[in-house]
Amino acid sequence: MSALEDNSQKLQAALKQFEQTGVLNHINGKDVPAHSGEQFQSISPIDESIICSVAKSDANDIDSAAIAAKSAFADWRDMPAKERKAILIKIANGIESRAEEIAVCECWDTGQAIRFMSKAALRAAENFRYFADQVPSARDGMNLPSPTLMNVTTRVPIGPVGIITPWNTPFMLSTWKIAPALAAGCTVVHKPAELSPLTARILMDIAKDSGIPNGVWNLVNGFGEDAGKALTEHPLIKAIAFVGESRTGSLIAKQGADTLKRNHFELGGKNPVIVFPDANLDRALDAAIFMIYSINGERCTSSSRLLVHESVKDQFEAKLIERVNNIKVGHPLDPTTEIGPLIAQDHFDKVSSYFDIAKSDGATVAAGGQRVGDKGYFVKPTLFTQASNNMRIAQEEIFGPVLTSIGFSTDEEAVQIANDVPYGLTAYVWTNDLTRALQVTDKLEAGMIWVNSENVRHLPTPFGGVKASGIGRDGGDFSFEFYMEQKHIGFATGEHKIPRLGA
Ligand code: NAD
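Under the numbering used here, think of the first position of the sequence shown as 274, with each following residue one higher.
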């Protein structure tokens, strides 16, 4: 049996769990359909077939989930750290033991290739394990003595939180948000992306099997404009952790204004990879290719703009074209596949529209620029050359396997081009000149920068963007800054003088 056949069999076995009921919500410890009884269909981007039905929830379902999260909050907050930690570790173990099933479902639901999704499932387990270890220190504070007071600080969880996730790597991103929220002592209402609901449901089952108390973690499926919006407006929900498009972030900020929501936004990017002539060009090439063509280019941290020094541009682009034309587009469950289909028809249409936009703006389509096959949302990995930074292909987040190459002559020009976009999520710098690396990284407007490296995530480091790429940071203790409130308590150390009015 080929590996593709083997994975297809695993998928068929995994999909059985959705056959009878489709994807249900999970509210206050119970699997439930939407109050309205409405459902929508989840479609596989691989062959456009219907996978299963999904609960189409609205404000009523969000209300039930928010009430459940509120009722469960005090007990979860006050649960001894050791017990809360043990539940998170059980969830990590549960993810590991179901990693294959999660990976094949994720591929089928999103079109992502198995070679990346099997690792994403394991990274998700790591997220839970890492934050389980942080539980005992989550409430730690400081001692800031003054002449008359012993001032101490402690952190307390903010309350029930809403978590809204996108479809690009839905399982991993859900754990990245939910694990620190639970570790902090918050209860959760999770609204996964409507385009990729399967693995959030599996994650919920794992949590249930790991002994998560009723109401601590609630799952509500549905569309952004109804279930998502209602979550961001609900008065019992204290904060919204959101990953998605920048324009949705703006909407959520507005929707949450009346209830004074705290928001954490991880949004879009148009990230530069800057290649200086003194760099190890072979490694720079590998990293540039990996960072835009892996995960179907549907990756917020993708290096979607290549800024390459004029002196090495022609040779770099020639090698790039050869490699891009060699990337294997295919069935996501085939382990040799490097690029699968885009998530959905709308997104396929959006990505494909840039093939014409590039030409009409005067750029060259040096590789790709076409669809693959006539079923499913496959496109060829694409490279635009002869581009300038003011073109739409250099300014807008395409969110597909599409790279725009732009030349530069001086360090100042490289920095100027890199910063001249609305976004500021990541940047990648390739140089062996230390002074240049220090100067350039100091000037780049980005939340995260890697020098001579692709994006290698280290969980304690801050993750997030500047400008239209986001507000706030995730990772390590930075996550607790969002999910917790600082509380200051001053204890008088003696009988200091209190001003006496009316005495
Ligand atoms: P999206 O903004 O369309 O949707 C994300 C989520 O928001 C979905 O669950 C959706 O239902 C919900 N939503 C939509 N409208 C809403 C509203 N009015 N109120 C509340 N919720 C609403 O994003 P997408 O297309 O699913 O994901 C792709 C985007 O996510 C890209 O822009 C990508 O860069 C970004 N992203 C960012 C990061 C990061 O860490 N910065 C990581 C992954 C993806």
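Ideal placement from N, C-alpha and C gives every residue a C-beta, glycine not left out.
Exercise for review: Evaluate the contact criterion for the segment 762 to 771 versus the segment 423 to 440: three or more CB pairs, one atom per stretch, below 8 Å.
Suggested key: yes
**Study point:** Contact between the segment 296 to 309 and the segment 493 to 508 (3+ Cβ pairs under 8 Å)
**Key:** yes
Exercise for review: Give the C-beta separation of L698 and T574 to the nearest angstrom, bearing in mind that I take them to be a contact with Cβ-Cβ under 8 Å.
Suggested key: 6 Å
Practice item. Grab me the residues of T704's own chain with a C-beta within less than 6 Å of its C-beta, minus the 5 sequence neighbours each way, in chain order. Key: F549, D551, A552, A710
Practice item. In the DSSP assignment, find the unbroken beta strand (DSSP E) run with M757 in it and report its ends. Key: 757 to 765
Check your understanding: Cβ of N441 within 6 Å of any heavy atom in ligand 1?
Key -> Answer for N441: yes, Cβ within range of ligand 1.
**Study point:** Limits of the beta strand (DSSP E) - the one that E539 falls within
**Key:** Taken as a continuous stretch (DSSP letters only), the beta strand (DSSP E) holding E539 covers 535 to 539.
Check your understanding: For D747, which residues does DSSP report across the bridge?
Key -> F736
Point to revise | Unbroken stretches of the beta strand (DSSP E), 3 residues or longer, contained in the segment 605 to 680 | key: 637 to 640, 655 to 658
Review point. If we call anything under 7 Å between Cβ atoms a contact, is G458 one with R535?
Key: no
Practice item. Look at the alpha carbon of S483 and the alpha carbon of E595, and state the distance between them as a whole number of angstroms. Key: 49 Å
Review point. Does DSSP put I437 in a helix, in a strand, or in coil?
Key: strand
Practice item. Output yes or no for whether 7 Å exceeds the beta carbon distance between Y566 and I600. Key: yes
**Study point:** Delimiting residues of the alpha helix (DSSP H) encompassing K289
**Key:** Run containing K289: none; DSSP gives neither H nor E here.
**Study point:** Contact test: T714 Cβ vs ligand 1 heavy atom, cutoff 6 Å
**Key:** no
Review point. Bridge partners of M721, per DSSP?
Key: T699
Review point. For the 8 Å Cβ check, are there 3 or more pairs between the segment 445 to 464 and the segment 405 to 412?
Key: yes
Check your understanding: Which residues in the same chain have their Cβ closer than 6 Å to the Cβ of T460, if we skip the five residues on either side of it in sequence?
Key -> A342, A345, F346, W349, P433, V489
Review point. Given a threshold of 16 other Cβ atoms within 10 Å of its Cβ, counted over all protein chains shown, does G570 qualify as buried or as exposed?
Key: buried
Point to revise | Coarse secondary structure for F549, derived from DSSP in three states | key: When secondary structure is reduced to three states using DSSP, F549 falls in the coil class, being assigned neither helix nor strand.
**Study point:** Beta-carbon proximity check, A640 vs L656, cutoff 7 Å
**Key:** In terms of Cβ geometry, A640 and L656 form a close pair [threshold 7 Å].
Review point. So is the beta-carbon of I437 under 6 Å away from any non-hydrogen atom of ligand 1?
Key: Yes, since a heavy atom of ligand 1 falls inside the 6 Å radius drawn around the Cβ of I437.
Review point. How about I431 and I451: do their beta carbons lie closer than 7 Å?
Key: no
Review point. Relative to the C-alpha of K529, which residue among L554, K543, K502 is closest?
Key: One point to set straight first is that residue 529 is Gly, not Lys, in the sequence displayed. Ranking L554, K543, K502 by Cα distance to G529 puts K502 first.
Check your understanding: Could you give the distance in angstroms between the alpha-carbon of S315 and the alpha-carbon of L468?
Key -> CA-to-CA, the gap between S315 and L468 works out to about 6 Å.
Review point. Does any heavy atom of ligand 1 sit closer than 6 Å to the C-beta of T294?
Key: no
Review point. How long is the line joining the alpha carbons of M721 and A466, rounded to whole angstroms?
Key: 25 Å
Check your understanding: So which of H507, A776, R357 has the shortest CA-CA distance to A480?
Key -> Of the listed residues, the one whose Cα sits closest to A480 is R357.
Check your understanding: Among G775, T677, K653, N663, which one has its Cα closest to the Cα of T637?
Key -> T677
**Study point:** Burial state of T442 (16 or more Cβ within 10 Å)
**Key:** Buried is the label assigned to T442, since at least 16 other Cβ atoms lie within 10 Å of its Cβ.
Review point. Quick one: what's got a C-beta closer than 7 Å to N662's C-beta in the same chain, skipping five residues either side?
Key: Closer than 7 Å at Cβ, skipping near neighbours: I679, I690, D693.
Point to revise | Reduced DSSP category for Q528 - H, G, I as helix; E, B as strand; rest coil | key: helix
Check your understanding: Which word fits S576, buried or exposed, when buried means at least 16 other C-beta atoms lie within 10 angstroms of its C-beta?
Key -> buried
Review point. Regarding E727 and ligand 1, is the C-beta to nearest heavy atom distance less than 6 Å?
Key: False, no ligand heavy atom lies under 6 Å from that Cβ.
Review point. Which two residues bound the contiguous beta strand (DSSP E) that contains T426?
Key: 422 to 430
Check your understanding: Should E611 be labelled buried (16 or more other beta-carbon atoms within 10 Å of its own) or exposed?
Key -> Buried is the call here.
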